[in-house]
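By numbering that gives the first Met the number 0, the letter at position 54 of the sequence shown is numbered 53, and the numbering carries on one by one without gaps. Virtual Cβ for every residue (Gly too), placed ideally from N, Cα, C. Right, one structure below, let's go through it.
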Amino acid sequence: MQARGNNAISQFVAVTGADEDTAKYYLEANGYDLEAAAVQSGGAGAAPKKDAEDTGAKNVGLEFDAQAYGEQLQRTFAVLLDESDPHAHAFSDVTLVVHGEKVPAHRVILSAWSPVLRDYLLANADKREVELQLPHQELSVPVFKQVLRFIYTGCTELSKEIAIPLLELSNQLQVQSLKDKTSEFIFVAEQKKDIGHLLELARKYESKHLEKRCAAHLADRFEDCLRDDSLNSLPVSTWSELLLRDDIRVSNEEDVFKAVIKYAQTNPVTKDDTLKALLPLVRFELLPNRFLVEEVDLNPELKELAFVHALVHEAYRQKLYQQTGGAPPTARRAGRGKGRGVAGGVWSSALMSPGIEVLEGGKTVRHTGAGKGTTQSWQSVALDSWLSSGTHVYTFKIDKNASNWLFIGVAARSWEGYTDTSNGYVGHYHDSWGFGSYTGWGRAHASKNSAFGPSFKTGDVVQMTVNMDLKTVAYSVNDENLGVCHKNIADEVCPAVTLYKKGDQITLQA
Numbered sequence: 000m001q002a003r004g005n006n007a008i009s010q011f012v013a014v015t016g017a018d019e020d021t022a023k024y025y026l027e028a029n030g031y032d033l034e035a036a037a038v039q040s041g042g043a044g045a046a047p048k049k050d051a052e053d054t055g056a057k058n059v060g061l062e063f064d065a066q067a068y069g070e071q072l073q074r075t076f077a078v079l080l081d082e083s084d085p086h087a088h089a090f091s092d093v094t095l096v097v098h099g100e101k102v103p104a105h106r107v108i109l110s111a112w113s114p115v116l117r118d119y120l121l122a123n124a125d126k127r128e129v130e131l132q133l134p135h136q137e138l139s140v141p142v143f144k145q146v147l148r149f150i151y152t153g154c155t156e157l158s159k160e161i162a163i164p165l166l167e168l169s170n171q172l173q174v175q176s177l178k179d180k181t182s183e184f185i186f187v188a189e190q191k192k193d194i195g196h197l198l199e200l201a202r203k204y205e206s207k208h209l210e211k212r213c214a215a216h217l218a219d220r221f222e223d224c225l226r227d228d229s230l231n232s233l234p235v236s237t238w239s240e241l242l243l244r245d246d247i248r249v250s251n252e253e254d255v256f257k258a259v260i261k262y263a264q265t266n267p268v269t270k271d272d273t274l275k276a277l278l279p280l281v282r283f284e285l286l287p288n289r290f291l292v293e294e295v296d297l298n299p300e301l302k303e304l305a306f307v308h309a310l311v312h313e314a315y316r317q318k319l320y321q322q323t324g325g326a327p328p329t330a331r332r333a334g335r336g337k338g339r340g341v342a343g344g345v346w347s348s349a350l351m352s353p354g355i356e357v358l359e360g361g362k363t364v365r366h367t368g369a370g371k372g373t374t375q376s377w378q379s380v381a382l383d384s385w386l387s388s389g390t391h392v393y394t395f396k397i398d399k400n401a402s403n404w405l406f407i408g409v410a411a412r413s414w415e416g417y418t419d420t421s422n423g424y425v426g427h428y429h430d431s432w433g434f435g436s437y438t439g440w441g442r443a444h445a446s447k448n449s450a451f452g453p454s455f456k457t458g459d460v461v462q463m464t465v466n467m468d469l470k471t472v473a474y475s476v477n478d479e480n481l482g483v484c485h486k487n488i489a490d491e492v493c494p495a496v497t498l499y500k501k502g503d504q505i506t507l508q509a
């Protein structure tokens with residue numbers, strides 16, 4: 000029962016975008032019978048199992064189907080918001096008063112999505128009508144109704160006129176998923192990319208998503224920003240996001256180091272704190288030895304900062320291991336921007352399961368449902384790129400994740416997962432390393448799975464960086480850098496993906 004409960008919570012998160020606490024709260028508040036649902040619903044969401052032994056009986060084990068469950072909830076909740084339906088408000092147990100207008104609602108639904116509303120409703124549990132104090136009186140009612148629509152259905156209507164008030168209100172009510180989606184809309188809609196304005200919004204409304212998008216934009220224009228000193232006006236938190244990225248467009252790490260020193264010097268009062276926050280994010284192991292001596296060791300402004308000596312010592316240690324051909328105890332980080340190749344390739348017909356088809360254009364692969372007599376089985380395919388040196392970056396668009404069981408990673412020549420459709424996902428055996436979309440299965444290797452980063456779903460973009468010099472594989476999802484997932488991979492690997500359910504589809508973008 001516990002395993003099924005955890006599975007239902009994870010799948011609810013994947014479908015709705017809510018966090019795990021919210022999912023658990025919602026399921027428990029609704030008296031959801033996880034055991035009954037597991038019997039009544041069929042198969043996409045839960046951990047795939049081997050085919051049961053054929054005993055002649057007709058019993059079939061079925062699993063909780065989060066997609067069907069989520070779609071049913073969406074349809075039902077949409078009816079509850081339909082003001083034209085005379086029965087829509089029959090089940091309402093609270094009326095929210097927003098600047099004089101009364102809005103019927105449902106405590107459990109509001110509480111499942113917003114911890115702020117949950118606490119407020121609990122504090123007013125004895126009241127049928129609860130008044131909400133919201134900003135922007137002229138916009139608060141229509142904006143609040145858009146928030147309600149998102150809470151009830153996962154959908155909303157965004158426009159330039161209401162985007163910022165919606166960001167403010169979603170932040171105030173702590174509806175994180177809506178805040179992230181609104182932040183993305185604002186970033187894309189800002190044609191001139193006034194980064195100063197966008198960063199101010201990110202700071203004011205505590206949007207890490209918007210700050211990360213700004214950092215990605217600055218990384219692509221890093222050298223131009225160095226020339227016009229525009230980086231000196233950034234907050235430290237944005238600098239941190241920027242320095243964590245592999246894709247900074249810069250000729251060498253020396254320029255990154257100098258930029259950090261220059262930035263810290265713009266405010267002498269906070270200089271040491273700024274250096275303490277940012278210098279560990281500079282990749283000292285990429286700095287030339289002479290630069291380390293002349294610009295770091297002998298720099299009078301850095302001599303009194305003990306942590307700098309530790310950074311330099313670690314850099315020399317990394318260089319020593321590299322020269323001797325050994326693997327350092329802690330993995331070195333990748334190079335930056337221009338030193339990092341954007342990889343390509345085509346899907347290999349020789350390294351492809353029978354249930355995979357390559358669509359027109361050659362970049363997209365899809366699970367056909369064939370190959371095992373079932374619409375659900377591990378179907379894998381690799382690129383024709385064998386990697387043995389250098390750093391290679393692959394970007395995958397998740398066109399459809401119908402199963403919530405996709406894996407993206409690398410495999411050695413010995414890997415046989417293309418034919419083993421019962422167990423053969425990338426990362427299942429010792430000679431493959433994968434990143435899985437299912438919550439809690441992010442890091443997959445040698446039949447072991449553990450949590451790594453967020454799950455990824457339909458519409459997301461996953462970037463994989465394979466550093467063959469360091470023998471590491473790192474990932475990002477939607478520009479969020481997750482860092483290194485696997486170390487000590489094989490000396491020669493190829494990128495590979497695994498799809499599980501008919502309709503699952505991935506496109507290689509670059």
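Limits of the unbroken alpha helix (DSSP H) element including residue i
i    : result
Y537 : Outside the shown range of the chain, which is 0 to 509, sits residue 537, and nothing can be said about it.
R226 : F221 to D227
V235 : V235 to L242
E253 : E252 to Q264
L507 : Where L507 is concerned, there is no enclosing alpha helix (DSSP H), although the beta strand (DSSP E) it sits in stretches over Q504 to L507.
Nearest residue (CA-CA) to residue i, options the options
i    : options                   : result
G153 : S384, H391, A162 and Q73  : Q73
G69  : A401, Y428, Q173 and P287 : A401
C484 : L280, L243, E491 and A473 : A473
L242 : R226, T265, H216 and Q264 : H216
S454 : W112, G439, M467 and R212 : G439
K456 : F76, Q264, R117 and K399  : K399
P164 : V146, T418 and G433       : V146
D246 : P114, V492, E284 and T464 : T464
D223 : S250, V460 and Q504       : S250
L80  : L109, A67 and W385        : L109
K501 : G368, F186 and S347       : G368
K192 : K203, D219 and E205       : D219
V460 : E479, S446 and A445       : E479
N477 : Y499, K180, H86 and W112  : K180
P103 : H88, A111, L116 and R117  : H88
S239 : L197, E356, W404 and L278 : L278
S158 : F186, I260, V174 and L172 : F186
K512 : A276, D228, D272 and F149 : With the chain covering 0 to 509 only, the question about residue 512 has no answer from this structure.
Y428 : A445, Y119, K270 and G389 : A445
T420 : G360, Q375 and V357       : Q375
Nonlocal neighbours in the same chain, by C-beta distance under 7 Å from residue i, ignoring five residues either side
i    : result
D92  : H105 and R106
L573 : With the chain covering 0 to 509 only, the question about residue 573 has no answer from this structure.
D430 : A410, A411, S413, W414 and A489
Y151 : F76, A77, L79, L80 and I108
Residues that DSSP places opposite residue i in a beta bridge
i    : result
M463 : Y393 and Y474
Q378 : L498
S449 : R442
A411 : In DSSP, A411 forms no bridge with anything.
K486 : T471
F434 : I407 and R442
W346 : L382
E300 : Answer is none; E300 lacks a bridge partner.
N480 : S475
K399 : Q504
V492 : L386
Sequence-distant residues of its chain with Cβ nearer than 6 Å to residue i (five each side left out)
i    : result
T497 : W377, S379, F406, Y424 and V425
Q508 : T394 and K396
K362 : T506 and L507
Q510 : A query on residue 510 cannot be resolved here, the shown segment of the chain reaching from 0 to 509 and no further.
K101 : T94
V142 : I161, P164, L165 and L168
F283 : L310 and A314
K470 : N487 and I488
S347 : A381 and D383
Close beta carbons around residue i, own chain, < 8 Å, minus the five adjacent residues each side
i    : result
K337 : Confidence is the limiting factor: at K337 the pLDDT is only 44, short of 50, which leaves the residue's position unreliable and the question unanswerable from this model.
K178 : L166, S169, N170, Y204, S206 and H208
F90  : L79 and H105
Range covered by the beta strand (DSSP E) that runs through residue i
i    : result
T418 : Neither: T418 is in no beta strand (DSSP E) and is coded neither H nor E.
T363 : T363 to H366
L277 : Unbroken run through L277 is the alpha helix (DSSP H), K270 to L277; no beta strand (DSSP E).
V129 : E128 to L131
I355 : I355 to V357
The ligand PLP heavy atom lying under 7 Å from the CB of residue i
i    : result
A314 : In terms of ligand content, the structure shown is empty, and the ligand PLP therefore cannot be addressed.
Mind pulling the beta strand (DSSP E) runs of 3 or more residues that sit fully within the segment 74-107? 93-97 and 100-104
Which full runs of the alpha helix (DSSP H) of 4+ residues lie inside the segment 163-233, going along the chain? 175-188, 194-203, 207-219 and 221-227
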